[in-house]
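A.B. asks: Line by line, the protein sequences give chains A and B.
By our numbering, the letter at position 107 of the first sequence is numbered 107, and the numbering carries on one by one without gaps.
If you want our numbering, it's the 1-based position in the second sequence plus 1000.
Note that the Cβ used here is the ideal one computed from N, Cα and C, for glycine as well.
Just passing along the structure, written as structure tokens.
2 protein chains.
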Amino acid sequence: MTHDVYDCNAGCPVEATLALIGGKWKGVILYHLLSDTIRFNELRRLMPDVTQRMLTKQLRELEADGLILRKVYPEVPPRVEYSMADYGLTLAPIITALQKWGTEHLERVAEEA
Amino acid sequence: MTHDVYDCNAGCPVEATLALIGGKWKGVILYHLLSDTIRFNELRRLMPDVTQRMLTKQLRELEADGLILRKVYPEVPPRVEYSMADYGLTLAPIITALQKWGTEHLERVAEEA
DNA sequence: ATACATAGTATCAAAAAGTATACTAATGGA
DNA sequence: TCCATTAGTATACTTTTTGATACTATGTAT
Chain A
1 MTHDVYDCNA
11 GCPVEATLAL
21 IGGKWKGVIL
31 YHLLSDTIRF
41 NELRRLMPDV
51 TQRMLTKQLR
61 ELEADGLILR
71 KVYPEVPPRV
81 EYSMADYGLT
91 LAPIITALQK
101 WGTEHLERVA
111 EEA
Chain B
1001 MTHDVYDCNA
1011 GCPVEATLAL
1021 IGGKWKGVIL
1031 YHLLSDTIRF
1041 NELRRLMPDV
1051 TQRMLTKQLR
1061 ELEADGLILR
1071 KVYPEVPPRV
1081 EYSMADYGLT
1091 LAPIITALQK
1101 WGTEHLERVA
1111 EEA
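Shown next, in the form of structure tokens:
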């Protein structure tokens, strides 16, 4: 997590939100889960640069914050599916806006170079 | 900065945006600057828990990314005013959305306790 | 019989981030 | 005359975060 105490006054809700979605790779994870239910190793393939340890950690935090769901199937080899929780879905407009702004930003940066 | 390389594929623009606004306290800084031009020490008073070094660092990064403006007046004692750059203003809807979601989230968390 | 796949955990080391503290200049006020 | 103010910077230190690596279980495929 970027930070988890918010003892400032005004404007702090902004940080409260960022504390939930601003962790390393949480944005992409949420973005992917918005369109699908995804298994752990599928996520790894979608984000090859994220180490397993990190991915697990971020997923568990997102779950602990009630944003995503983790469903374990009692099978071997194990199957664990991640999906958006209802609460996480309330973030959809924000994730989408971040994606849109980011796309334009990356284009702008590319043009500058 | 939380992280500054985005070598994933889809969904990465989300991270690109978060890389700019997700740094420690950047959200609050932007939130405050959305409503006003603010001097350095005024910002410190608005965010007493942020160390001077950190505040300087975040402000410089925001400036380097073109989101805010830094205007130095050649006076003694020094006067430096921070304000939103045009490019930063394009983030206004996102900052506002983060603020709104965060407010509701904090209420929800408070109710749970 | 052996290897691979799944979804992790444990441990240690390394790197990054953040904190505390002291320092600067020139001016205005008590 | 002495102190406070401004907007920082420099240094050293501590804490947190991240990475790399090895390890687990068991069922299916070769």
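Pick from GLU15(A), GLU112(A), ALA16(A) and LEU20(A): whose alpha carbon is nearest that of ALA64(A)?
C.D. replies: In the first sequence, counting from the first residue as 1, residue 64(A) sits at position 64. Checked all of GLU15(A), GLU112(A), ALA16(A) and LEU20(A); the closest Cα to ALA64(A) is LEU20(A).
A.B. asks: Spell out a yes or no on whether the region 18–38 of chain A and the region 88–101 of chain A are touching, meaning 3 or more CB-CB pairs, one atom from each, closer than 8 Å.
C.D. replies: Touching, yes, given that three or more Cβ pairs across the two stretches are closer than 8 Å.
A.B. asks: What did DSSP end up calling LEU69(A) once you bin it into helix, strand or coil?
C.D. replies: As a first step, residue 69(A) must be located in the first sequence, where it is residue number 69. If DSSP states are grouped into helix, strand and coil, LEU69(A) belongs with the strands.
A.B. asks: List the residues of chain B that LEU106(A) touches, going by C-beta distances under 7 Å, in chain order.
C.D. replies: For this step, residue 106(A) is matched to residue 106 along the first sequence. The answer, in chain order, is PRO1013 and ALA1016.
A.B. asks: At what residues does the beta strand (DSSP E) containing GLU1075(B) begin and finish?
C.D. replies: By 1-based counting over the second sequence, the position of residue 1075(B) is 75. Per DSSP, GLU1075(B) belongs to no beta strand (DSSP E) and is neither H nor E.
A.B. asks: Beta-carbon within less than 8 Å of GLU42(A)'s beta-carbon, same chain only, minus the 5 sequence neighbours each way: which residues are those?
C.D. replies: Position 42 of the first sequence, counted from the first residue, corresponds to residue 42(A). Here the set comprises nothing.
A.B. asks: Could one say the Cβ of MET1(A) lies closer than 8 Å to chain B's Cβ atoms, at least one of them?
C.D. replies: As a working note, residue 1(A) is residue 1 in the first sequence. Low confidence applies here, because MET1(A) scores a pLDDT of 41, under 50, leaving its location unreliable and the question unanswered by this model.
A.B. asks: With a Cβ-Cβ cutoff of 8 Å, do LEU18(A) and GLY1022(B) count as a contact?
C.D. replies: As a first step, residue 18(A) is located in the first sequence; it is residue number 18 there, counting from the start. As a first step, residue 1022(B) is located in the second sequence; it is residue number 22 there, counting from the start. Yes, these two residues count as a Cβ contact at 8 Å.
A.B. asks: Could you tell me whether the region 31–50 of chain A touches the region 67–80 of chain A, using the rule of 3 or more Cβ pairs below 8 Å?
C.D. replies: Taking 8 Å as the limit for Cβ pairs, the verdict is that the region 67–80 of chain A does touch the region 31–50 of chain A.
A.B. asks: Looking at the strands, I want to know which residues DSSP matches up with ILE1038(B).
C.D. replies: Locating residue 1038(B) in the second sequence gives position 38, counting from the first residue. DSSP, once it has assigned bridges, lists TYR1082(B) as partnering ILE1038(B).
A.B. asks: Just to make sure I have the definition right: I need the residues of chain B whose C-beta is within less than 7 Å of the C-beta of THR103(A). Which are they?
C.D. replies: Here residue 103(A) corresponds to residue number 103 of the first sequence, with the count starting at 1. Correct list: PRO1013.
A.B. asks: Distance, Cα to Cα, PRO13(A) vs ILE94(A)?
C.D. replies: Taking the first residue of the first sequence as position 1, residue 13(A) is located at position 13. Taking the first residue of the first sequence as position 1, residue 94(A) is located at position 94. Each residue's alpha carbon lies about 14 Å from the other.
A.B. asks: Establish whether the CB of PRO74(A) and some CB of chain B are separated by less than 8 Å.
C.D. replies: Mapped onto the first sequence, residue 74(A) falls at position 74. By this cut-off, PRO74(A) is not an interface position.
A.B. asks: Taking the C-alpha atoms as reference points, what is the distance between ILE1038(B) and LEU1059(B)?
C.D. replies: Position 38 of the second sequence, counting from 1, holds the residue named residue 1038(B). Position 59 of the second sequence, counting from 1, holds the residue named residue 1059(B). Taking the straight line from one Cα to the other gives about 12 Å.
A.B. asks: Can VAL80(A) and PHE40(A) be called in contact, C-beta distance under 8 Å?
C.D. replies: Indexing the first sequence from 1 puts residue 80(A) at position 80. Indexing the first sequence from 1 puts residue 40(A) at position 40. Yes.
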